[in-house]
Amino acid sequence: MPERVETTSPDGVDYGWVMQTTFVTTILIGAPVVAVLSTTATLPDWGARVEFAVRVGALVWLLTSIAVFAYAKRHQA
């Protein structure tokens with residue numbers, strides 16, 4: 003019989019759920035935000051378009067991850 007594997011969650015937050023929710027929410031929110039903001043920016047070539055998408059997407063990801071973690075921290079069981 004194998005030994006039992008113990009699990010621990012010192013902060014009480016399910017980080018797997020936080021990461022998955024952040025990923026999905028960032029895609030659902032980030033894609034429209036990047037598309038809308040790109041209409042007001044001058045993006046002459048593909049390099050500029052990629053750089054713009056990465057910069058805006060990173061900001062959306064950061065804000066989403068903070069919001070999702072705060073939500074999980076507040077509503078932990």
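FYI, the numbering for the sequence shown is 3 to 79, going by this note's numbering.
Beta carbons are placed, not taken as given, at the ideal position from N, Cα and C, and that holds for glycine.
Notebook entry, point to check: Is it buried or exposed for valine 70, if we count other Cβ within 10 angstroms and need 16 for buried?
Noted result: buried
Hey, could you find the ends of the alpha helix (DSSP H) arginine 76 is sitting in?
48 to 76
Taking buried to mean at least 16 other C-beta atoms within 10 Å of its own C-beta, is valine 7 buried or exposed?
exposed
- Which value, in whole angstroms, describes the spacing of the CA atoms of leucine 45 and leucine 39? 11 Å
Practice item. Quick one: using the 10 Å Cβ neighbour count with 16 as the cut-off for buried, is glycine 49 buried or exposed? Key: exposed
### Same chain, Cβ closer than 6 Å to valine 20, neighbours up to 5 away in sequence not counted
Val70, Phe71 and Ala74
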